[in-house]
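Quick note: the sequence shown uses the UniProt record's numbering, first residue 1, plus one each step. Structure first, commentary second.
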Amino acid sequence: MKEYYIKEHSAYLRYQDFLGTENTILFIHGLGCAGSFDYSGVAAQSVFNDTRCIIVDLLGAGYSDKPTEFDYRVSSHVQYLKSFIEDLNLNDFNVFGHSLGGPIAIELTTLCQDKVRHLILTEPNLDASVKGSSSFEIASFEERDFIEFGCEKILSNSRNSGGTMWGATLSNWSPYAVHRLSVNAVQGGEVSWRKLLYDLKIPKTVIFGRKSLPDDDYESLDRDGIPLKVIENVGHSMAWENPVEVAQVTSDIIKK
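Next up, the structure:
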């Protein structure tokens, strides 16, 4: 584990850096998750032996700091990640974003198109969150209520419904961090994340799990000509369910 100091917020971003010489991928996790929990198993696969995999825990999540004054909006995460990649002197690299990490990946790529080789998204949020999504449920609480009892309720419901993995990672988030990001997910981007994705002039691929289909986003992306991949026998949490295949499909994409 390494750390990167974000001066503007007096906080440390913590990340893993699996060295390689051929390609570089920056992995951005989703809501309630952590890169260190989700993508170490993906990065460890033999197809990535020559690939540099940089796996972050976003502020508020995992092993990274959880500053109380940070607003945790998508665009705010993007700003410190932009400084992070600049200070690492990353060029010609790939960006991978999962779920609500997808909008972060999309906005970051939009700001750094000259440096990004390929954008890879796994079941990303492309529009404002709606009823039925975790972020909508979380955002339905007032922040104070979520901190006092809502987060524990979400954790309990997740564990009782068999979502013990997500419950484990969510428990390591700051409640205000997960709430503020969820509120932003319901608000959506100033420019919709879908439009930003469509407007990108670089190669991009969106991956779905077969168990997540049928899915309205899959249908609309396919209709609009966005390249798609499907991983068999997995659902939304594909990096936990089959890290071998996630690594293989991702490797195939970036090596084209």
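Glycine included, each C-beta is placed from N, C-alpha and C at the ideal position.
Going by the CB atoms, is the gap between residue j and residue i shorter than 8 Å?
| i | j | result |
| --- | --- | --- |
| threonine 169 | cysteine 33 | yes |
| isoleucine 226 | valine 246 | no |
| phenylalanine 48 | histidine 9 | no |
| glycine 30 | tryptophan 173 | no |
| phenylalanine 96 | isoleucine 28 | yes |
| histidine 179 | isoleucine 138 | yes |
| tyrosine 15 | isoleucine 54 | yes |
| threonine 205 | isoleucine 154 | no |
| methionine 165 | tyrosine 63 | no |
| glutamate 13 | valine 56 | It should be pointed out that residue 13 corresponds to leucine in this sequence rather than to glutamate. Against a cut-off of 8 Å, the Cβ pair of valine 56 and leucine 13 comes out as a contact. |
What residue from the options has the CA that sits closest to residue i's CA?
| i | options | result |
| --- | --- | --- |
| aspartate 92 | Gln16, Asp71, Glu241, Leu26 | Leu26 |
| phenylalanine 84 | Val42, Leu58, Lys131 | Leu58 |
| glutamate 123 | Pro175, Val178, Trp166, Arg210 | Arg210 |
| arginine 73 | Trp166, Val186, Asp199, Ile253 | Val186 |
| cysteine 112 | Tyr80, Asp127, Ile138, Phe141 | Tyr80 |
| leucine 126 | Ile254, Glu137, His98 | His98 |
| serine 77 | Leu108, Pro214, Tyr176 | Per the sequence presented here, residue 77 reads as histidine, with serine not at that position. When each option's Cα is compared against that of histidine 77, the closest is Leu108. |
| glycine 167 | Lys7, Ser237, Asp224 | Ser237 |
| threonine 68 | Glu143, Lys255, Asp217 | Glu143 |
| arginine 194 | Leu90, Asp217, Leu213 | Asp217 |
| aspartate 17 | Ser75, Leu90, Lys7 | Leu90 |
Cα separation between residue i and residue j?
| i | j | result |
| --- | --- | --- |
| lysine 66 | tyrosine 39 | 21 Å |
| leucine 181 | glutamine 45 | 31 Å |
| asparagine 184 | leucine 19 | 34 Å |
| tryptophan 163 | glutamate 241 | As written in the sequence, residue 163 is glycine, which differs from the tryptophan given in the question. Approximately 12 Å between the Cα atoms of the pair. |
| glycine 35 | threonine 24 | 16 Å |
| leucine 197 | phenylalanine 37 | 27 Å |
| proline 243 | alanine 43 | 9 Å |
| arginine 52 | lysine 229 | 22 Å |
| serine 158 | cysteine 151 | 11 Å |
| threonine 110 | leucine 200 | 7 Å |
| glutamine 248 | valine 234 | 14 Å |
| glutamate 22 | alanine 239 | 22 Å |
| proline 175 | alanine 11 | 17 Å |
| aspartate 50 | asparagine 94 | 14 Å |
| residue 330 | serine 171 | Residue numbering for the chain in the displayed model covers 1 to 256; residue 330 lies beyond these limits and cannot be assessed. |
| glutamate 190 | serine 140 | 20 Å |
| lysine 255 | isoleucine 106 | 20 Å |
| leucine 213 | glutamate 219 | 9 Å |
| serine 75 | serine 161 | 32 Å |
| arginine 223 | glycine 41 | 33 Å |
| glycine 188 | alanine 177 | 16 Å |
| aspartate 215 | leucine 221 | 10 Å |
| isoleucine 202 | glutamate 3 | 30 Å |
| residue 259 | lysine 82 | This structure leaves residue 259 out entirely; the chain is present only between 1 and 256. |
Does the CB of residue i have a neighbour CB from chain B at under 8 Å?
| i | result |
| --- | --- |
| methionine 238 | Of the protein chains in this structure there is only one, and it is not chain B. |
For the ligand GTP, is there a heavy atom less than 7 Å away from the beta-carbon of residue i?
| i | result |
| --- | --- |
| lysine 255 | The ligand GTP is absent from the structure shown, which contains no ligands of any kind. |
Q. Where in the stretch 20 to 55 do unbroken runs of the alpha helix (DSSP H), each at least 4 residues long, occur, reported from the N-terminal end onward?
A. 35 to 38, 40 to 43
Q.
Which runs of the alpha helix (DSSP H) at least 4 residues long sit entirely within the stretch 161 to 225? Give them in chain order.
A. 164 to 170, 175 to 187, 193 to 199, 216 to 223
(Q) Taking 8 Å as the cut-off, does the stretch 110 to 118 touch the stretch 143 to 163 (at least 3 CB pairs, one atom from each stretch)? (A) no
(Q) Does the structure place the stretch 101 to 113 close enough to the stretch 127 to 142 that three or more beta carbon pairs sit under 8 Å? (A) no
Q. Curious, which full-length alpha helix (DSSP H) runs of at least 4 residues does the stretch 126 to 160 contain?
A. 134 to 139, 151 to 160
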